[in-house]
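Colleague:
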Amino acid sequence: MSRMNQWNQKSPLRAVVVGCNMGRNQAFALAASEEYELAAVCDLNEETAKKAAADCGALREGKGAAGSSIGVDVGVDVYTDYAAMLAAVQPDVVVIATPNVTHAPFAQLAVDAGVRGIYCEKPMATNLGDARKMVDMCREHGVVLVVGHQRRMSAVYGKMRELIDAGTIGDVRHIRASCAGDLLSDGSHLADSMLYLLHHREVRWALGQICRKEPVSPEEAAANPFAYTGRRYGHAVESGALAMYEFDGGVRGELHCGDMQARGGGYQDIEIVGTAGSIWRRGDGSQPPLLLSDPSAAGGWHAVEVEEERSEDVFAGVFGAMADSIRQGAPHPMDGTIALRGLEMLIAVFESSRLRAKIEFPVMQETFPLDLIIAAEQAAASASAGEEGGVR
């Protein structure tokens, strides 16, 4: 029986995960789902891969599977070589949860191996050139591309959009979003949330600025995994960023990230301001998670009732929808074309900072602008050193 015939039936889709730290939740969701057979996991650290396989094997007990390729008899094969795993397992679905700089080349390898679905952690790539190639490549080969902006499939974000659509706060005028971390890895959720809450309005322009403070010493970095080193997940990062966007209809968006986040702000803190009130998600872990200020609040804030859910429930929905996309062609809420628009919003901030100008959309710069900024600084420093050396 051909692989295509298998996909058209209700037999489980064979799935693999590469990157067992960031990809643990995704691996657990696949292991617990009847839609998938988690066939293998891969990590450069063999012990990390074994631990993930053992944990997933416990979740899928009773479903049956082959033993591990390197001796972990839990029904989930373990690899330390991604290409070898693809060749041996021939999966239908790949989860890519490795450092950001590997996302695009790993997606290429997955498409070359004949997969029908790719779940890629955010950001989908570190530059627009690679991201656009990923989208085009997957479209050309009929591969479903899903990017890990799962917040848009959670109950609290759904409630926020429901309130907006019901006109509870009137016409939306402004959206403010902030978080710790760097733009590509953490700000990607902010950009995607703006798009989701505004029903994917087109972005007209962006104006942004980044800053980079002095990196800590290697000793400090070893002691504090959150210390600023100037690099993260294989690429250069800023220490702080802020941006202003204009969307169709004149709605303004404001983004603060890293050092530019207001002191004491929550992670993924989002406020939507309308003509008749505001909705405020105060950040992860805040209770109550959602507040509303409208005429019924008598000038203050009141809590909005939101259905309780676990992260496991969100990921179950993500991968359930992905199975429907692969088998039936149903659109996925986290489709790669949407993620590409969010990445464009982030790249525009770097490009605006580089050129000291407002950036109109679509963004034409396909190279990561921060690399260009650093290269220009290094060239200027080298030229200055040469001039000083020539003075006698």
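Position 351, counted from 1, in the sequence shown is what the UniProt record's numbering calls 351; the numbers after and before it change by one each time, with no gaps.
C-beta atoms are modelled at their ideal positions from N, C-alpha and C, and glycine is treated no differently.
Here the structure is a predicted model, which is why all the values come from computation and not from measurement.
Assess contact between the segment 141-149 and the segment 107-116, defined as three or more Cβ pairs (one per stretch) separated by less than 8 Å. Is contact present?
Modeller: These segments touch.
Colleague: If we count the other Cβ atoms within 10 Å of its Cβ and call it buried at 16 or more, is Q261 buried or exposed?
Modeller: Buried, by the Cβ-count rule.
Colleague: In chain order, what are the residue ranges of uninterrupted beta strand (DSSP E) at least 3 long that sit wholly in the UniProt domain "GFO/IDH/MocA-like oxidoreductase" (159-279)?
Modeller: Runs of the beta strand (DSSP E) inside the UniProt domain "GFO/IDH/MocA-like oxidoreductase" (159-279): 172-179, 203-211, 240-247, 252-258 and 269-274.
Colleague: Could you check the C-alpha separation between G62 and P12 for me, to the nearest Å?
Modeller: With a pLDDT of only 45 at G62, under the threshold of 50, the placement of this residue in the model should not be trusted, and no figure is reported.
Colleague: Where in the segment 90-170 do unbroken runs of the beta strand (DSSP E), each at least 3 residues long, occur, reported from the N-terminal end onward?
Modeller: Qualifying beta strand (DSSP E) stretches, in chain order: 93-96, 117-120 and 144-147.
Colleague: State the CB to CB distance for the pair L207 and G342, rounded to an integer number of angstroms; the pair is presumed to be in contact (CB under 8 Å).
Modeller: Contact flag wrong, Cβ pair sits at about 17 Å.
Colleague: Enumerate in chain order the residues of its own chain whose CB-to-CB distance from D294 is below 7 Å, with the five nearest sequence positions on each side excluded.
Modeller: Counting only Cβ-Cβ distances below 7 Å, and skipping sequence neighbours, we find T168, I169, A276 and G277.
Colleague: So, S185 versus P123, is the Cβ gap smaller than 8 Å?
Modeller: Yes.
Colleague: Any idea what DSSP makes of S384, helix, strand or coil?
Modeller: Here S384 sits in helix by DSSP.
Colleague: Considering only C-alpha positions, which residue in the set V111, Y157 and H149 is nearest to D136?
Modeller: When only C-alpha atoms are compared, the closest one is V111.
Colleague: If we count the other Cβ atoms within 10 Å of its Cβ and call it buried at 16 or more, is N45 buried or exposed?
Modeller: Counting Cβ neighbours within 10 Å, N45 comes out exposed, since fewer than 16 surround it.
Colleague: Does Q40 come out as helix, strand or coil in the three-state DSSP assignment?
Modeller: Contrary to the premise, residue 40 reads as Ala rather than Gln in this sequence. It is a strand residue.
Colleague: Is it right to say K50 is buried, meaning 16 or more other beta carbons lie within 10 angstroms of its own, or is it exposed?
Modeller: Burial call: buried.
Colleague: Secondary structure at A29, three-state DSSP: helix, strand or coil?
Modeller: Reduced to three states, the DSSP call for A29 is helix.
Colleague: Which of the three DSSP states is assigned to S293 in this structure?
Modeller: Three-state result, S293: strand.
Colleague: R173 to D324, Cα distance in whole Å?
Modeller: Near 36 Å, if we compare the C-alpha coordinates of D324 and R173.
Colleague: For the segment 294-367, which segments carrying the alpha helix (DSSP H) assignment without a break, of at least 4 residues, lie completely within its bounds, in sequence order?
Modeller: DSSP runs (the alpha helix (DSSP H)) wholly in the segment 294-367: 311-328 and 336-355.
Colleague: What are the start and end residues of the beta strand (DSSP E) that includes G78?
Modeller: According to the sequence provided, residue 78 is Val. The question's Gly does not apply to it. Where V78 is concerned, the enclosing beta strand (DSSP E) stretches over D77 to Y79.
Colleague: Can A243 and V363 be called in contact, C-beta distance under 8 Å?
Modeller: Going by C-beta atoms, A243 is not nearer than 8 Å to V363.
Colleague: When the distance is taken between beta carbons, is L370 closer than 8 Å to E271?
Modeller: No, Cβ-Cβ distance for E271 and L370 is not below 8 Å.
Colleague: Would the segment 207-223 and the segment 156-163 be scored as touching if the rule is three or more Cβ pairs under 8 Å?
Modeller: Too few Cβ pairs lie closer than 8 Å, so no.
Colleague: Using 8 Å as the Cβ pair cut-off and three pairs as the minimum, do the segment 248-264 and the segment 191-205 touch?
Modeller: A contact exists between the segment 248-264 and the segment 191-205.
Colleague: DSSP on R24, reduced to helix/strand/coil?
Modeller: Helix at R24.
Colleague: Spatial neighbours of L38 within its chain, please: C-beta separation below 6 Å, excluding the five flanking residues on both sides.
Modeller: Counting only Cβ-Cβ distances below 6 Å, and skipping sequence neighbours, we find A15, L30, A31, C56 and V76.
Colleague: What's the C-alpha gap between G67 and L346?
Modeller: Interpretation of G67 is limited by its pLDDT of 37, a score under 50 that renders its predicted location unreliable; the figure taken from the coordinates is listed afterwards. When rounded, the distance between both Cα atoms is 43 Å.
Colleague: Based on Cα-Cα distance, which residue from R176, R356 and C211 lies nearest to I279?
Modeller: Of the listed residues, the one whose Cα sits closest to I279 is R176.
Colleague: Look up L13 in the DSSP assignment and give the residues it is bridged to.
Modeller: L13 is bridged to Y36.
Colleague: Within this structure, are the beta carbons of A40 and V89 separated by less than 8 Å?
Modeller: Yes; because the gap between Cβ atoms is below 8 Å, this pair is in contact.
Colleague: Is the beta carbon of V368 sitting closer than 8 Å to the one on N21?
Modeller: The amino acid occupying residue 368 in the given sequence is Phe; Val does not appear at that position. No, Cβ-Cβ distance for F368 and N21 is not below 8 Å.
Colleague: Comparing alpha-carbon positions, which option in E162, A97 and S188 lies nearest L292?
Modeller: Ranking the options by Cα distance to L292, first place goes to E162.
Colleague: In terms of DSSP beta bridges, what is R281 paired with?
Modeller: Answer is I270 and L290, bridged to R281.
Colleague: Nearest to Y267 by CA position, among P289, G253 and E308, is which residue?
Modeller: Minimum Cα distance to Y267 is reached at P289.
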